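Visitor: Below is a structure I'd like to ask you about.
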Amino acid sequence: MKIQTFFLNNNEDNMHKFLISSLTSAAIFLSFNINAEPSQSVSIPAKVSANILKRHPTAQEMKGSPETHFGQKLLEVSFKVDTGETLMELFTENGHLFTNEILVDSYDGISQAAIGTLKTEFPNFTLQKIELIGNPNDAGEEYEIYLTSEGQQWKVSINDAGTIEDKQHY
């Protein structure tokens with residue numbers, strides 16, 4: 006009887022260890038999948054929040070994500086204002102406002118070179134969203150385009166000359 010009880014207790018302990026190990030593995034796997042998204046959320050420095058609130062006192066729901074435009078690492082911060090409109094601004098690594106991102110409604114807001122590249126690179130794509138980024142330091146524009154092609158979702162950064170700067174699954 007003592008031998009059976011010993012084995013039963015060990016089986017329970019083993020079952021608990023297995024269950025905890027499985028749950029831990031699942032949590033680690035999910036965290037890697039979540040962080041694999043191209044626009045992972047990051048904390049917004051106090052200097053950036055203060056900058057936004059100074060110009061938009063009613064700004065709410067601020068969300069930050071790292072991006073690269075015109076060869077610079079930037080922080081994109083999206084937020085809602087009292088009209089319900091969502092604004093997007095880009096900040097340099099030292100917290101200064103770089104430029105805005107503007108939603109573009111249709112192909113009319115994209116250069117013909119960029120459209121040609123998209124059609125070549127992603128045949129039969131469906132457009133999800135277009136963001137326009139103007140270079141405040143020089144001539145030129147970049148686009149951040151979210152699209153679906155052959156069942157895959159893509160985030161594509163492309164310049165007005167039609168050169169793809171970056172593309173990521175999301």
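This note's numbering numbers the first residue of the sequence shown as 6 and each following residue consecutively.
Every residue gets a Cβ at the ideal spot worked out from N, C-alpha and C, and that includes glycine.
Just so we're clear, the structure is a prediction, and the values are computed from it rather than from any experiment.
1) Which runs of the alpha helix (DSSP H) fall wholly inside the region 91 to 160 and span at least 4 residues, in chain order?
2) To the nearest angstrom, how far is the alpha carbon of L79 from that of E155?
3) In terms of residue numbering, what span does the beta strand (DSSP E) encompassing I169 cover?
4) Just grab the DSSP bridge partners of K85 for me.
5) Sorted by chain position, which residues of the same chain lie with C-beta nearer than 6 Å to K160's C-beta, five sequence neighbours on each side aside?
6) Rounding to the nearest angstrom, what Cα-Cα distance links N99 and P50 in this structure?
7) Would you call Y148 buried or exposed, if buried means 16 or more other Cβ atoms sit within 10 Å of its Cβ?
8) Cutting at 6 Å between CB atoms, please list the residues of its own chain near N38, excluding the five before and the five after it.
Guide: Judging by the given coordinates:
1) 117 to 126
2) 30 Å
3) 169 to 174
4) Q65, T91
5) P43, Y151, Q173, Y175
6) 10 Å
7) buried
8) Low per-residue confidence applies at N38: pLDDT is 33, beneath 50, and the placement is therefore not dependable, though the value from the model is reported in the following sentence. Nothing listed; no residue qualifies.
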